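Protein chains: 2
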Amino acid sequence: MKNNNVTIHDISRALGIDSSTVSRALNNSDRVSKKTKEKIVEKAAELGYQRNSLASKLRTNRTNTIGVIVPRISRHFFSSVISGIEETAFKAGFDVIICQSLESIDREKKLVETLLSNRVDGILISISMETTNLDHLDNYKKNGFPLIFFDRPCNVLENTNVIIDDLKAGFDATAHLIERGCKNIVHFSGPQNLELYRNRKKGYTNALNAYGIPFSKSLVIESQLMQQDGIDAARQLLKLPKVDAVFSANDTAAISAMQYLKTKNINIPKDIAFVGFSNEPISAIIEPSLSTINQPDFEMGKVASSLLFEQIKNKKYAAENQTKILKPYLIIRNSSKF
Amino acid sequence: MKNNNVTIHDISRALGIDSSTVSRALNNSDRVSKKTKEKIVEKAAELGYQRNSLASKLRTNRTNTIGVIVPRISRHFFSSVISGIEETAFKAGFDVIICQSLESIDREKKLVETLLSNRVDGILISISMETTNLDHLDNYKKNGFPLIFFDRPCNVLENTNVIIDDLKAGFDATAHLIERGCKNIVHFSGPQNLELYRNRKKGYTNALNAYGIPFSKSLVIESQLMQQDGIDAARQLLKLPKVDAVFSANDTAAISAMQYLKTKNINIPKDIAFVGFSNEPISAIIEPSLSTINQPDFEMGKVASSLLFEQIKNKKYAAENQTKILKPYLIIRNSSKF
DNA sequence: TTCAAAAATACAATCGATTGTATTTTTATT
DNA sequence: AATAAAAATACAATCGATTGTATTTTTGAA
Chain G
14 MKNNNVTIHD ISRALGIDSS TVSRALNNSD RVSKKTKEKI VEKAAELGYQ RNSLASKLRT
74 NRTNTIGVIV PRISRHFFSS VISGIEETAF KAGFDVIICQ SLESIDREKK LVETLLSNRV
134 DGILISISME TTNLDHLDNY KKNGFPLIFF DRPCNVLENT NVIIDDLKAG FDATAHLIER
194 GCKNIVHFSG PQNLELYRNR KKGYTNALNA YGIPFSKSLV IESQLMQQDG IDAARQLLKL
254 PKVDAVFSAN DTAAISAMQY LKTKNINIPK DIAFVGFSNE PISAIIEPSL STINQPDFEM
314 GKVASSLLFE QIKNKKYAAE NQTKILKPYL IIRNSSKF
Chain V
14 MKNNNVTIHD ISRALGIDSS TVSRALNNSD RVSKKTKEKI VEKAAELGYQ RNSLASKLRT
74 NRTNTIGVIV PRISRHFFSS VISGIEETAF KAGFDVIICQ SLESIDREKK LVETLLSNRV
134 DGILISISME TTNLDHLDNY KKNGFPLIFF DRPCNVLENT NVIIDDLKAG FDATAHLIER
194 GCKNIVHFSG PQNLELYRNR KKGYTNALNA YGIPFSKSLV IESQLMQQDG IDAARQLLKL
254 PKVDAVFSAN DTAAISAMQY LKTKNINIPK DIAFVGFSNE PISAIIEPSL STINQPDFEM
314 GKVASSLLFE QIKNKKYAAE NQTKILKPYL IIRNSSKF
């Protein structure tokens, strides 16, 4: 059990066998006899040999590694997507490098650079809230680099997107509240540069339309949907006349708003009903439990990575953009039960 | 704006300047004149050059990359530690590769292999619950490879550990319950191969001792402390006579147990008081809010990574094992307020 | 036993960047 | 203008593994 820097040349020297044969033996090539293979494998173990992936990747121009960039790994949704990705990747024999942009465009740019300079074979990305233009990506995309957007789509370029049907989800959530008798429904919306939030909002307005409820701009409160934003939104909401429901574009803001409103002795759902978005684990546990939209997170990871591996295998395929739309569904809990 | 596979040789050829000079120019060496540098940088941009890190790392035998292995990235505690690590790493000019073992020893082994074959300069690891022996690590450690354990320490070898004072935390949590008048305190404990759970338990028994309360083995319920384990433990607990408090070695199990007990019309904290461990965000939000132990997660990441960078810089230093113990503190919330 | 085909192994170039040394060019001093 | 010192650049080897081609060895059929 020696040091770490053992190379195939050390094995080669130790056995008087050419390093090319050593390499082939360790890769189980059928150009090496069984007997020699055994000798080599044994000596490799004895010396504590460990392949230098850098050299291997450099030579083969293949890293068998993909990069994943998400805004934040601690978000349940994203970590579930990542689990889905890792499962598929494992089966395909790929390694996964996980990165978080923390919703910063600068970090995102740097991560993309790093991943590319490490020659990952493809990238899966859910863009940051700050990302409004895609200069840092479109060059690569244009050159046929396998790149897939998920959750937060990007239709500026000819891209492959794996998303959920946010329009329908927004519609269903709002329609649910209307059918429960709510008439003055506030919408907590997110940054409008993200198509995802535009779609959730559109679903909301579509539902109002469908049920003949007039849309009022003052009922849409836009923010980054972080914890503090939810509290601010709740404060703002109290100044509005007779609000009876909230459809929030994420759970985080919904939950902190509910917490705040409870301290103001507002009854949920009687005074104000809530529907969130994402089905974070916490939404089932708070009181009242929060109605929300469940997103097929794990599946999204599997679908997106499968598509990516297709593109990596068959580069032509990467040129054809396509959009996969997964189906979310509404979970009705106590925050909107009457 | 060309294709991706532009090398320094392409720049070299395009300008009639030797590739060694190109390399030095791009690394801003003072062996290249300002004028030449400018020409090279300009041409590099024009051709869309991007350094091949694999080649660079291979040649220099330095990757400026560290690996981090945690059981699960979605756990708030670990993602906060990771944030701390990333902050320090960014300042030190290091990249971070994040991996999750999902509490599986096999995955953990594979991850270590992959990181090492990619020649990371060091590894920060919080071992999986399944990890009982460290054969996959001690060889490297013995060879002076920079390796630091955090949160879940490992004293089998001469290791550097960054941990919190679990003993004290366990003591404080239990003492708090005793001082509130509880006498029959159940302890939800974790896998005993992890020193961390042994220490929390020891803290519990120490506190009982200190207050003259007899220890009863039947009051310790051991599990993996996952959500379902909490429910199972709660069921088991109901069969015990007159339990009036629970000190759980994590929040997850405490919370699911509380949820279950509430459905059985048990009042928390009046009938049974609860203290958890970790201060997961959810613990502040559930009802009643959960008293818990706050761990300096972000700081732990900063301390552990700073130590690692020290070891990477100065290998001799890596031989000296040391243990940094960070201070946790008790947060008293409604689940233990009378 | 002989010899062609097949199997096993060796040779040598290569991936792209870095770096010690050698050479050329520039600068500055007399 | 001559020349030594300094600055800039070129040459060539190297990191470790892979792979096409060449060579040697083995196998098996006649």
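So the sequence lines, in the order shown, correspond to chains G and V. For the first sequence, the numbering used here gives the first residue as 14, with consecutive numbering after it. For the second sequence, the numbering used here gives the first residue as 14, with consecutive numbering after it. Think of the CB as a built atom: it goes at the ideal place given N, C-alpha and C, for glycine as much as any other residue. Source: prediction; values computed, not measured.
Going by C-alpha to C-alpha distance, which of the options sits closest to residue i?
i: isoleucine 338/G; options: Asn327/G, Phe162/G, Ser92/G; result: Phe162/G
i: serine 33/G; options: Asp43/G, His22/G, Ala27/G; result: His22/G
i: threonine 187/V; options: Ala286/V, Asp108/V, Pro159/V, Tyr62/V; result: Ala286/V
i: serine 304/G; options: Asn334/G, Val259/G, Gly106/G, Phe311/G; result: Val259/G
i: glutamate 59/G; options: Leu28/G, Thr78/G, Arg44/G, Val81/G; result: Leu28/G
i: glutamate 293/G; options: Asp43/G, Ser92/G, Gly183/G; result: Ser92/G
i: arginine 75/G; options: Gln308/G, Phe107/G, Leu221/G, Ile53/G; result: Phe107/G
i: glutamine 335/G; options: Asn280/G, Pro166/G, Leu232/G, Ala220/G; result: Pro166/G
i: alanine 220/G; options: Val256/G, Gln63/G, His189/G, Leu232/G; result: His189/G
i: valine 54/V; options: Leu71/V, Arg44/V, Ile24/V, Thr73/V; result: Ile24/V
i: isoleucine 345/G; options: Ile325/G, Leu232/G, Asn307/G, Asp31/G; result: Asn307/G
i: serine 139/G; options: Pro84/G, Lys104/G, Ser96/G, Ala182/G; result: Pro84/G
i: asparagine 146/G; options: Thr73/G, Gln324/G, Asn206/G; result: Asn206/G
i: arginine 26/V; options: Glu116/V, Asp43/V, Lys52/V, Arg44/V; result: Lys52/V
i: phenylalanine 351/G; options: Arg193/G, Gly183/G, Ile30/G, Ile279/G; result: Arg193/G
If contacts are defined as beta-carbon pairs under 8 Å, then residue i and residue j qualify, I think. What distance do you get, rounded to the angstrom?
i: isoleucine 244/G; j: serine 202/G; result: Actually they are not in contact, since the Cβ atoms of isoleucine 244/G and serine 202/G sit about 16 Å apart, beyond 8 Å.
i: lysine 315/G; j: glutamate 100/G; result: 7 Å
i: proline 227/G; j: methionine 142/G; result: Not quite, the Cβ-Cβ distance comes to about 30 Å (not below 8 Å), so this is no contact.
i: glutamine 240/G; j: threonine 265/G; result: 6 Å
i: lysine 277/V; j: leucine 251/V; result: 7 Å
i: cysteine 195/V; j: aspartate 257/V; result: 5 Å
i: isoleucine 295/V; j: isoleucine 295/G; result: 5 Å
For residue i versus residue j, is the C-beta distance shorter than 8 Å?
i: methionine 185/G; j: leucine 343/G; result: Looking at the sequence shown, residue 185/G is not methionine but aspartate. Yes, they are a contact pair.
i: asparagine 263/V; j: serine 236/V; result: no
i: isoleucine 136/G; j: isoleucine 86/G; result: no
i: serine 114/G; j: leucine 124/G; result: yes
i: tyrosine 224/G; j: isoleucine 191/G; result: yes
i: isoleucine 98/V; j: valine 133/V; result: no
i: threonine 173/G; j: leucine 320/G; result: yes
i: asparagine 212/V; j: leucine 180/V; result: yes
i: glycine 80/V; j: cysteine 112/V; result: yes
i: threonine 144/G; j: glutamate 171/G; result: no
i: histidine 200/G; j: leucine 238/G; result: no
Taking the alpha-carbon positions, what's the residue i to residue j distance?
i: leucine 209/V; j: alanine 57/G; result: 37 Å
i: glutamate 300/G; j: alanine 270/G; result: 13 Å
i: serine 361/V; j: phenylalanine 322/G; result: Since the first and last residues shown for chain V are 14 and 351, residue 361/V lies out of range.
i: glycine 216/G; j: aspartate 178/G; result: 10 Å
i: histidine 89/V; j: valine 19/G; result: 39 Å
i: isoleucine 118/G; j: methionine 313/G; result: 23 Å
i: leucine 349/V; j: valine 288/V; result: This sequence places serine at residue 349/V; leucine is not what is there. Serine 349/V and valine 288/V: Cα-Cα distance of roughly 7 Å.
i: serine 36/V; j: serine 46/V; result: 13 Å
i: asparagine 10/V; j: alanine 246/G; result: This structure leaves residue 10/V out entirely; chain V is present only between 14 and 351.
i: asparagine 65/V; j: proline 159/V; result: 25 Å
i: serine 302/G; j: isoleucine 298/V; result: 11 Å
i: leucine 253/G; j: serine 229/G; result: 11 Å
i: glutamine 249/V; j: isoleucine 198/V; result: 14 Å
i: alanine 38/V; j: serine 130/G; result: 18 Å
i: aspartate 242/V; j: isoleucine 268/V; result: 11 Å
i: valine 94/G; j: aspartate 284/G; result: 35 Å
i: proline 341/V; j: asparagine 156/G; result: 51 Å
i: valine 13/G; j: alanine 317/G; result: The first residue shown for chain G is 14 and the last is 351, placing residue 13/G beyond what the model contains.
i: glutamine 63/V; j: leucine 71/G; result: 14 Å
i: asparagine 347/G; j: tyrosine 273/V; result: 17 Å
i: lysine 214/G; j: aspartate 310/G; result: 21 Å
i: lysine 50/G; j: alanine 105/G; result: 26 Å
i: histidine 149/V; j: histidine 149/G; result: 40 Å
Going by DSSP, what residues sit across from residue i in a beta bridge?
i: aspartate 108/V; result: Thr78/V
i: glutamine 113/V; result: Val83/V
i: isoleucine 338/G; result: Ile176/G
i: alanine 286/G; result: Ala258/G
i: phenylalanine 162/V; result: Ile138/V, Asn174/V
i: phenylalanine 201/G; result: Ile234/G, Ser261/G
i: leucine 343/G; result: Ile306/G
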